[in-house]
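Peer 1: Here it is: the structure, laid out below.
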Amino acid sequence: MLLTLDLLGIFVFAISGGLVAVRNQLDIVGVVVLAMSTGLGGGVIRDVVIGAVPPAAVENWPYFVVPVAAGLLTFWLHPAVGRFERVVNVFDAFGLGLFCVAGALKAHEYGLGPIPAAALGMVTGVGGGVIRDLFVGRIPVVFRAGELYAIPALAGAAVASTGFELGAHGPGIVVPAAGVAITWRLLALSRGWTAPVPRA
Amino acid sequence: MLLTLDLLGIFVFAISGGLVAVRNQLDIVGVVVLAMSTGLGGGVIRDVVIGAVPPAAVENWPYFVVPVAAGLLTFWLHPAVGRFERVVNVFDAFGLGLFCVAGALKAHEYGLGPIPAAALGMVTGVGGGVIRDLFVGRIPVVFRAGELYAIPALAGAAVASTGFELGAHGPGIVVPAAGVAITWRLLALSRGWTAPVPRA
Amino acid sequence: MLLTLDLLGIFVFAISGGLVAVRNQLDIVGVVVLAMSTGLGGGVIRDVVIGAVPPAAVENWPYFVVPVAAGLLTFWLHPAVGRFERVVNVFDAFGLGLFCVAGALKAHEYGLGPIPAAALGMVTGVGGGVIRDLFVGRIPVVFRAGELYAIPALAGAAVASTGFELGAHGPGIVVPAAGVAITWRLLALSRGWTAPVPRA
């Protein structure tokens, strides 16, 4: 169940990476590598930082096959995939919610305290997109004015981290924590909420 | 004492990251993430490379709180902070001196020889700034013509590494090694020294 | 023998990094750092991901000296070095072939399965060039249309990985696997083969 959700999250993240690659006129290598980096990058950074090496994404073949398939799909069918971008954005919110929670919990498992675990949960959620944007030479979307993306991820990770400290586990953590991140992100998308910017 | 100096170095590095973010019109997420990356990035790279995971910056909460505070301060007070940039540059030289020495010594502790330890000391000093610049899509300042930054850091790290090999320890290493890096960097700042460039 | 080949691969990769730095008007720090990153980056990424830390490139001094020497050589003699770029491209194909095979075999040694080992072999071959390009703010050549570089590396790594699974070892793996990668890459260079691009 959790594995399926995780792979679904990787799939939609990878689609977003593949679309960015197509729009930057990369070749098939660029499309597949951006799909993989976007789908797996956040988890790999987290695993390297907490010492969980080789990373889960490297050791288990479904974690390889899913983003490669998403990349090839985007490569061949990008006009159709691009038309569903709004749907992709909704799934992406679910991916973000799952990743930030799974990231925070894995950091706890490896002995980190609640503050770094929440921060690494956020990194798990947004790290793949940061790598995707660096690879095409643009400032990562998550840092730029005009989106609200990392803060919902941090909130979800913080709820997961707090739940873990209070002794909750399983769905008792995942449902409320991912729920906070996903709801907040979807509201931000539909209402155009953005993060604060510095005064001019 | 050393912890205080270390946190002061992180603080001024984080301020420089926050200022770069503000000037690139990033939102609050971008400002805080650039502050953290600039303050902690060099040490995290070093720790991941030598196998000291989770990195010190992830496990100890003051290492989290200080750059976040520097980021938020820059976010709210950036016109004032920007006016003190010359002061920030001076403190930055002290941060560079401390980081390159602490980085070289930690690499020695983990069993590295003197040449890689000195190189990792330099990486500790300049790594955060490299990440900061990559995040806003510019060629890292430390690689560009017109500054003398990495060479003083490498010199300080080399002095620390040599001192360690000769059996010195504590202030007997830190004072001369950081002194070399800081003095050289401050002289470069005030006299406009630069590193050599290739012939045209 | 293998060490010599490995160092030769690092040397030519480092030359290519140094030339990119010179053409982007970096100073001596930028030239040497790009030479080191291009020569050693792929191997360091692989080693960090599989948990082989400190990376081989950090622990053994010839791995340091060779790319530094290549960087300084390029710094001083870049007009001459640039004139030999076609020769450098041929040697680069050999470096690519050796790196992808050595990377796949090392990943196997650390217990990875054949698919991730082949992928990490490719990463070992192309990772240094990706870092080089990120450092000068351009989309990595290996992702862009117009080259065929990563696919020969992946093919060579896959042959090595298959050979390892079938119980071959030593030259029985290295010769056919590197041969596939090198031959394919050289043919791509001389005949202008490129990887497929998405439909417009």
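Protein chains in written order, with this note's numbering: chain S, 994 to 1193; chain W, 994 to 1193; chain C, 994 to 1193. Yeah, the Cβ is synthetic: ideal placement off N, Cα and C, and Gly gets one too.
(1) In the structure shown, what three-state DSSP assignment does R1131/W receive?
(2) May I ask which residues mark the beginning and end of the alpha helix (DSSP H) holding T1031/C?
(3) CB T1031/C to CB G1010/C, shorter than 8 Å?
(4) From what residue to what residue does the alpha helix (DSSP H) around E1158/W run?
(5) Which chain C residues are close to L1098/W, counting only those with a beta carbon under 9 Å from its beta carbon?
(6) Are the beta-carbon atoms belonging to L1012/C and G1121/C less than 8 Å from one another?
(7) Compile a chain-ordered list of the residues in the region 1179–1192 of chain C whose CB is closer than 9 Å to at least one CB of chain S.
(8) Quick check on the burial criterion: 16 or more other C-beta atoms within 10 angstroms. Buried or exposed for F1077/S?
(9) Between G1010/S and chain C, is the shortest Cβ-Cβ distance under 8 Å, so that the two count as touching?
(10) Between the beta-carbon of F1087/C and the beta-carbon of G1002/C, is there less than 8 Å?
(11) In three-state terms, what does DSSP make of R1076/W?
(12) Looking only at its chain, what residues have a beta carbon closer than 7 Å to the beta carbon of V1081/C, apart from the 5 residues adjacent to it on each side?
(13) Establish whether the CB of G1121/S and some CB of chain B are separated by less than 8 Å.
(14) Consider the Cβ of V1026/S: report whether some Cβ of chain C lies at a distance smaller than 8 Å.
(15) To which residues does DSSP link R1184/C through a beta bridge?
(16) Closest by CA to A1049/S, which one among G1044/C, A1049/C, V1051/C and E1052/C?
(17) Counting only beta-carbon separations shorter than 8 Å, does P1047/S have a partner in chain W?
(18) Decide if S1154/W is buried, meaning its Cβ has at least 16 other Cβ atoms within 10 Å, or exposed.
(19) Within 10 angstroms of its Cβ, does R1137/S collect 16 or more other Cβ (buried), or is it exposed?
(20) Write down the C-beta distance between G1149/W and G1090/W rounded to the nearest angstrom, noting that I regard them as a contact closer than 8 Å.
(21) Please check if any C-beta of chain W sits within less than 8 Å of the C-beta of F1077/C.
(22) Give me the Cβ distance between C1093/C and A1028/C, rounded to the nearest whole Å; I'm assuming they're in contact under 8 Å.
(23) Establish whether the CB of A1014/C and some CB of chain S are separated by less than 8 Å.
(24) Within 8 Å, do at least three Cβ pairs link the region 1119–1133 of chain C to the region 1120–1134 of chain W?
(25) Among the residues of its own chain, which have a CB less than 6 Å from the CB of P1047/S, if the five just before and after it don't count?
(26) Let me make sure I understand the geometry here. Which of P1107/C, V1167/C and A1095/C has the alpha-carbon closest to that of G1035/C?
(27) Let me confirm a value: G1165/W is counted as buried when at least 16 other C-beta atoms fall within 10 Å, else exposed. Which label applies?
(28) To the nearest angstrom, how far is the alpha carbon of E1052/W from that of A1111/S?
(29) I'd like the list of long-range same chain contacts for Y1142/S, defined as Cβ closer than 6 Å, with 5 residues on each side in sequence excluded.
(30) Are the region 1052–1069 of chain S and the region 1095–1109 of chain C touching, with three or more C-beta to C-beta distances below 8 Å?
(31) Can a CB atom of chain S be found closer than 8 Å to the CB of V1041/W?
(32) Consult DSSP for R1137/S and reduce its assignment to one of helix, strand or coil.
Peer 2: Let's see:
(1) If you number the second sequence from 1, residue 1131/W lands on position 138. DSSP places R1131/W in coil when its eight states are reduced to three.
(2) On the third sequence, residue 1031/C is found 38 positions in, with the first residue counted as 1. I1021 to I1043 is the extent of the alpha helix (DSSP H) around T1031/C.
(3) Along the third sequence, read from residue 1 onward, the residue named residue 1031/C stands at position 38. Along the third sequence, read from residue 1 onward, the residue named residue 1010/C stands at position 17. Cβ distance < 8 Å, so T1031/C and G1010/C count as in contact.
(4) Counting from 1 along the second sequence, the entry for residue 1158/W is found at position 165. Segment A1143 to E1158, the alpha helix (DSSP H) holding E1158/W.
(5) To locate residue 1098/W, count along the second sequence from 1; it is residue 105. Under the 9 Å cutoff, chain C gives no residues; its nearest Cβ is about 15 Å from L1098/W.
(6) On the third sequence, position 19 is the one that residue 1012/C refers to. On the third sequence, position 128 is the one that residue 1121/C refers to. Taking 8 Å as the Cβ cut-off, L1012/C and G1121/C do not qualify as a contacting pair.
(7) T1187, A1188, P1189, V1190, P1191 and R1192
(8) By 1-based counting over the first sequence, the position of residue 1077/S is 84. Answer is exposed; the Cβ neighbour count stays below 16.
(9) Residue mapping note: residue 1010/S aligns to position 17 of the first sequence, counting from 1. Chain C, which has no Cβ nearer than 8 Å to the Cβ of G1010/S, makes this no.
(10) On the third sequence, position 94 is the one that residue 1087/C refers to. On the third sequence, position 9 is the one that residue 1002/C refers to. For F1087/C and G1002/C, yes; Cβs fall inside 8 Å.
(11) On the second sequence, position 83 is the one that residue 1076/W refers to. It is helical.
(12) Taking the third sequence and counting its residues from 1, the one referred to as residue 1081/C is at position 88. Only V1005, I1008 and S1009 meet the Cβ criterion.
(13) Of the protein chains in this structure, namely S, W and C, none is chain B.
(14) Taking the first sequence and counting its residues from 1, the one referred to as residue 1026/S is at position 33. Answer yes: the Cβ-Cβ gap between V1026/S and chain C drops below 8 Å somewhere.
(15) Stepping through the third sequence from its first residue, residue 1184/C is reached at position 191. Paired residues: none, contrary to the question.
(16) To locate residue 1049/S, count along the first sequence from 1; it is residue 56. Out of G1044/C, A1049/C, V1051/C and E1052/C, G1044/C has the C-alpha closest to the C-alpha of A1049/S.
(17) As a working mapping, residue 1047/S is identified with position 54 in the first sequence. With 8 Å as the cut-off, P1047/S does not count as an interface residue toward chain W.
(18) Counting from one through the second sequence, the residue named residue 1154/W turns up at place 161. So S1154/W ends up on the buried side.
(19) In the first sequence, counting from the first residue as 1, residue 1137/S sits at position 144. Looking at its Cβ environment, which holds 16 or more other Cβ atoms inside 10 Å, R1137/S is buried.
(20) Taking the second sequence and counting its residues from 1, the one referred to as residue 1149/W is at position 156. Taking the second sequence and counting its residues from 1, the one referred to as residue 1090/W is at position 97. 6 Å between Cβ atoms; contact.
(21) The residue labelled residue 1077/C in the question sits at position 84 within the third sequence. F1077/C does not count as touching chain W.
(22) The residue given as residue 1093/C occupies position 100 in the third sequence. The residue given as residue 1028/C occupies position 35 in the third sequence. At roughly 20 Å, the Cβ-Cβ gap does not stay under 8 Å, so C1093/C and A1028/C are not in contact.
(23) Within the third sequence, the letter at position 21 stands for residue 1014/C. Cβ-Cβ to chain S under 8 Å: no for A1014/C.
(24) yes
(25) Walking along the first sequence from the start, residue 1047/S turns up at place 54. None.
(26) On the third sequence, residue 1035/C is found 42 positions in, with the first residue counted as 1. Comparing Cα-Cα distances from G1035/C to each of P1107/C, V1167/C and A1095/C, the minimum goes to A1095/C.
(27) Residue mapping note: residue 1165/W aligns to position 172 of the second sequence, counting from 1. When all chains shown are included, G1165/W counts as exposed.
(28) By one-based count along the second sequence, residue 1052/W stands at place 59. By one-based count along the first sequence, residue 1111/S stands at place 118. Spanning the two alpha carbons is a distance of roughly 12 Å.
(29) For the purposes of this step, residue 1142/S is identified with residue 149 of the first sequence, where counting begins at 1. Counting only Cβ-Cβ distances below 6 Å, and skipping sequence neighbours, we find V1135.
(30) yes
(31) Working through the second sequence from its first residue, we reach residue 1041/W at position 48. It does: the Cβ of V1041/W has a partner Cβ on chain S nearer than 8 Å.
(32) Here residue 1137/S refers to the residue found at position 144 of the first sequence. Strand.
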